[in-house]
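Below you'll find the structure, written out as structure tokens, and then a few comments.
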Amino acid sequence: MAITYDYQAIVIGSGFGGSINTCRLAKKWPGKVLLLERGKRYPKGSFPRSPHDFADKFFWNVKIEDGRSKPKKIADRNESHGLFDIRNFEHIDALVCAGLGGGSLIYANVFLQPPEEVFDENWPATCKKSVLQPYYEVAKSVLGARPIPANKGGDDPRRIIRTERFKEFAQSENTQSELVDINVFFGNDFDNPLEIGVQDKNRYGAIQTSCVYCGECDVGCNTHSKNTLDLNYLFAAENRYQAAIKTEMLVEKIVPVDKDGNDSPEATGKFGFKVYWWDLNDNKKPCSAITQRVVVSAGSLGSTELLMRCRDVYKTLPNISDNLGKHFSGNGDFLSFVVQGDKEVNPNYGPVITQRTDFNLFKDFNRQHAFVLEDASYPNFAAWYINALPGTSHLQAFFNAVKQWVMHLFSGNSTGQIGYFFRSLLQGDPNFYSSVLLCMGIDNSNGVMQLNDKGFLNIKWPIDENMPLYNKILEIGHRFKAWSKAKAFIPLPNWLVRNNITVHSLGGCRIADDPSNGVTSADLKTFGQVFGYQGLYVADGSILPTSVGANPIATISAMSERVAEGITGIKPDADL
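The sequence shown: position 73 = 330 (the working numbering), numbered continuously.
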């Protein structure tokens, strides 16, 4: 009998790959595309900010995933469907995002194309930079990427002091510092930005706010000043093309069906697939739907784990290549801090990243230690927390403030001028003179992703093989400390036990010319399709063959636009 399909396509995950494919496929098949996202929707103003909400609502912790390795303080808490999903692995930890819009909700907005040399090794001919260039341009336009607007110096509210400091450091190193394109809303006219805080509709009809320079990009933008995917690709998919978007839906497995629509692990996708998921809104109610094609876009960790569980636990996709899980990369991520220098920095103001300083990535390329240094920031509320931590400088400031207050009291001056007390207390804020150094570079992309004994993802990261890169980054960090006459250079504490952390997980479903070298097809006719299956695609960072050194979302977006074009036969444009 003929199969009654619920959808023409089901997309799993709403990061850059999932959002792009939801939009493009929904345009081809209006009302016949379903997006399943495990996280929540986040309307304007809904991201957690209070200590209570951060503790109870900020982290991802779902009890049916108890086999995953995660921080004990999170795992022991009640179930929550928050933004931050932290995973612990061997010599590397990873942070990924759950929510409608995926990583775009918490990333640092940077749209940066890697240099051509990155594509020279292990990238198929159909994925070279020159071939991807048209797709980079389309994604850049949709995402509204542009540098920060110019400022007049002095007290101009658009002035970002740390941008100037990183430029000065680059000059001291005889290297390049350039403003980066960031996916942040300053109005629709790049040459005439809106005033800070002014609202307007973007080109797709979503209301946004001209960036308020609060430094909260990485914890969710409550003013909708970031050009997150729910405000462009997904906004068009849902409002123009009637895509069905369901949030808090956790996909369990994908099963091919036979000609009658019955589950058939022996089938190869000719008759479509049945997708099974749990509805986290409804007491984990089991749900399913039949579709002609599936696009897996759950990120490097999510897509690789889902396909591995289908192949090795549920035995529903047995034909997937043995290369699944190989060539994991953390994109050379390395986060550190330079504390209390002699120069004003103000790391709590402005978009999280504004510039990049080059060390052998864009100029004098050296694959062994190519990386960029970017000027990361953190929110004001975090600065207040840091300022409250005990320390000699804080105690001295407190006693000085008390001394001045007592002198005012006994001199007969008004004690109502409490502002003097707080001014004395807050002078010398260590945050204001500290810098956050975010580096990313070319690692060897040789991590291995496997299932642990409970059937969930584990990663073995060859940290020793990547020490030439990390050592160079550490060297530059110490030089930044010396240049700024700072008190300390401090990598993240996990580095003390030789454990790195990445926010840019890549690889696992590597795109290649044949299954002996990868998991997904680089053939233009089947671009992104899983070898051994018809109609099963992957579109996210997991298909990237290697690290890219630069922030990866530009390349993920370009590759995902190419996957969507292969499925729909429609060349993409920025009008959506």
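In this text, a Cβ means the ideal position worked out from N, Cα and C, and glycines have one as well.
Compute the Euclidean distance between the alpha carbons of residue i and residue j, then round it to the nearest angstrom.
{"i": "Val-388", "j": "Pro-371", "result": "13 Å"}
{"i": "Lys-284", "j": "Val-399", "result": "15 Å"}
{"i": "Leu-563", "j": "Ile-768", "result": "17 Å"}
{"i": "Gly-765", "j": "Tyr-571", "result": "19 Å"}
{"i": "Lys-424", "j": "Tyr-299", "result": "35 Å"}
{"i": "Val-455", "j": "His-481", "result": "11 Å"}
{"i": "Val-551", "j": "Val-441", "result": "31 Å"}
{"i": "Lys-527", "j": "Ile-511", "result": "14 Å"}
{"i": "Phe-443", "j": "Lys-483", "result": "9 Å"}
{"i": "Thr-561", "j": "Gly-360", "result": "17 Å"}
{"i": "Thr-432", "j": "Phe-616", "result": "7 Å"}
{"i": "Asn-808", "j": "Asp-263", "result": "37 Å"}
{"i": "Ser-778", "j": "Gly-798", "result": "15 Å"}
{"i": "Ala-427", "j": "Tyr-690", "result": "18 Å"}
{"i": "Pro-772", "j": "Gln-625", "result": "28 Å"}
{"i": "Asn-728", "j": "Lys-738", "result": "15 Å"}
{"i": "Lys-516", "j": "Leu-491", "result": "32 Å"}
{"i": "Val-532", "j": "Arg-566", "result": "13 Å"}
{"i": "Trp-534", "j": "Leu-793", "result": "17 Å"}
{"i": "Asn-610", "j": "Val-596", "result": "The displayed chain sequence assigns Ile, not Asn, to residue 610. Ile-610 and Val-596: Cα-Cα distance of roughly 18 Å."}
{"i": "Lys-744", "j": "Thr-504", "result": "46 Å"}
{"i": "Ile-260", "j": "Asp-520", "result": "12 Å"}
{"i": "Val-514", "j": "Lys-386", "result": "37 Å"}
{"i": "Asp-413", "j": "Pro-450", "result": "14 Å"}
{"i": "Gly-785", "j": "Gly-582", "result": "16 Å"}
{"i": "Leu-362", "j": "Glu-430", "result": "34 Å"}
{"i": "Asn-489", "j": "Gly-358", "result": "10 Å"}
Starting from residue i, follow the alpha helix (DSSP H) in both directions and report where the run begins and ends.
{"i": "Val-395", "result": "386-400"}
{"i": "Cys-279", "result": "Residue 279 is actually Thr in this sequence, not Cys. Run containing Thr-279: 273-285, per the alpha helix (DSSP H) assignment."}
{"i": "Leu-491", "result": "490-496"}
{"i": "Pro-522", "result": "Where Pro-522 is concerned, there is no enclosing alpha helix (DSSP H), given that its DSSP letter is neither H nor E."}
{"i": "Thr-825", "result": "810-825"}
{"i": "Ser-557", "result": "556-565"}
{"i": "His-584", "result": "First-last for His-584: 583-585, but that is the beta strand (DSSP E), not the alpha helix (DSSP H)."}
{"i": "Asp-797", "result": "Counting along the chain, Asp-797 falls outside any alpha helix (DSSP H), and DSSP gives it neither H nor E."}
Buried or exposed: which applies to residue i, given that a residue is buried once 16 or more other Cβ atoms fall within 10 Å of its Cβ?
{"i": "Asp-832", "result": "exposed"}
{"i": "Thr-466", "result": "buried"}
{"i": "Gln-499", "result": "exposed"}
{"i": "Phe-368", "result": "buried"}
{"i": "Asn-538", "result": "exposed"}
{"i": "Leu-726", "result": "buried"}
{"i": "Thr-759", "result": "buried"}
{"i": "Met-724", "result": "exposed"}
{"i": "Ser-434", "result": "buried"}
{"i": "Ala-407", "result": "exposed"}
Residue i by DSSP, collapsed to three states: which one?
{"i": "Gly-698", "result": "strand"}
{"i": "Glu-505", "result": "coil"}
{"i": "Pro-750", "result": "helix"}
{"i": "Asp-710", "result": "coil"}
{"i": "Asp-536", "result": "strand"}
{"i": "Tyr-262", "result": "coil"}
{"i": "Gln-428", "result": "helix"}
{"i": "Ala-407", "result": "coil"}
{"i": "Thr-485", "result": "coil"}
{"i": "Ile-321", "result": "helix"}
{"i": "Asn-588", "result": "coil"}
{"i": "Phe-311", "result": "helix"}
{"i": "Asp-377", "result": "helix"}
{"i": "Ala-745", "result": "strand"}
{"i": "Thr-420", "result": "helix"}
{"i": "Gly-704", "result": "strand"}
{"i": "Leu-726", "result": "helix"}
{"i": "Asn-757", "result": "strand"}
{"i": "Tyr-677", "result": "Caution applies to Tyr-677, whose pLDDT of 44 falls short of 50 and renders its modelled position unreliable; the value that the coordinates give is listed next. Residue state, collapsed to three classes: helix."}
In the DSSP assignment, find the unbroken beta strand (DSSP E) run with residue i in it and report its ends.
{"i": "Ser-593", "result": "591-596"}
{"i": "Leu-720", "result": "Before going on, a small fix: residue 720 reads as Ile here, not Leu. Element bounds for Ile-720: n/a, residue is neither H nor E."}
{"i": "Pro-543", "result": "542-553"}
{"i": "Ile-349", "result": "349-354"}
{"i": "Gln-370", "result": "Neither: Gln-370 is in no beta strand (DSSP E) and is coded neither H nor E."}
{"i": "Leu-781", "result": "Per DSSP, Leu-781 belongs to no beta strand (DSSP E) and is neither H nor E."}
{"i": "Ala-463", "result": "Run containing Ala-463: none; DSSP gives neither H nor E here."}
{"i": "Ser-303", "result": "Where Ser-303 is concerned, there is no enclosing beta strand (DSSP E), given that its DSSP letter is neither H nor E."}
{"i": "Val-290", "result": "290-294"}
Report, in whole angstroms, the separation of the C-beta atoms of residue i and residue j, which I expect to be a contact under 8 Å.
{"i": "Ser-814", "j": "Ile-277", "result": "6 Å"}
{"i": "Gly-789", "j": "Thr-525", "result": "6 Å"}
{"i": "Gly-556", "j": "Ser-804", "result": "About 15 Å separates the two Cβ atoms, so there is no contact after all."}
{"i": "Ala-627", "j": "Gly-806", "result": "6 Å"}
{"i": "Arg-325", "j": "Arg-344", "result": "7 Å"}
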